[in-house]
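Worksheet: one structure, shown below.
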Amino acid sequence: MIGSSFGGAVRYVMQKEQAIVLHGKGVRTQDLKSAIHDFNAQRQMNPELGKAVGHLVLSWRAFDRNKLSQKIMVDRAADI
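43 is the number of the first residue of the sequence shown in our numbering; add one for each residue after it.
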């Protein structure tokens, strides 16, 4: 991912045509503006933090996709 701001990261992820936000904790995910605002508000709570923006991609093999529910994907992401 290229970029260094929450706005850039959120737009990169949420504006993809087939993007689906499966889960959010502590961040409103219904729209870009709310998500960006919440990330920035949380960031202000710890101003000494270094790089605060990151992006993690989880993907599965094509032939496993029909075995995956949204719950399974969220559970696997929580394991990380």
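Positions of the beta carbon are idealized from the N, C-alpha and C atoms, including for glycine.
Among the residues of its own chain, which have a CB less than 6 Å from the CB of residue i, if the five just before and after it don't count?
i      : result
MET56  : LEU74
ALA119 : LEU100
Identify which residue in the options has its Cα closest to the Cα of residue i.
i      : options                      : result
SER101 : ARG70, MET87, LEU110         : LEU110
SER47  : VAL116, ARG118, GLY92        : GLY92
VAL95  : ILE78, GLY66, LYS113, ALA104 : ILE78
LYS67  : LYS58, ASP80, ALA61          : ASP80
GLY49  : ALA83, GLN60, GLU59          : ALA83
VAL69  : PHE105, ARG85, ASN108        : ARG85
Within its chain, find whatever has a CB closer than 7 Å to the CB of residue i; leave out the 5 residues flanking it on each side and keep chain order.
i     : result
THR71 : VAL63, ALA77
Contact defined as beta carbons within less than 8 Å: I believe residue i pairs with residue j. What is the distance between those atoms, to the nearest angstrom?
i     : j     : result
VAL99 : HIS65 : Going by Cβ atoms, the distance from VAL99 to HIS65 rounds to 15 Å, so no, they are not a contact pair.
Practice task
Let me know the alpha helix (DSSP H) ranges lying completely inside the region 69 to 120, each 4 residues or longer, listed in chain order.
Solution key: The region 69 to 120 contains these whole alpha helix (DSSP H) runs: 74 to 86, 112 to 120.
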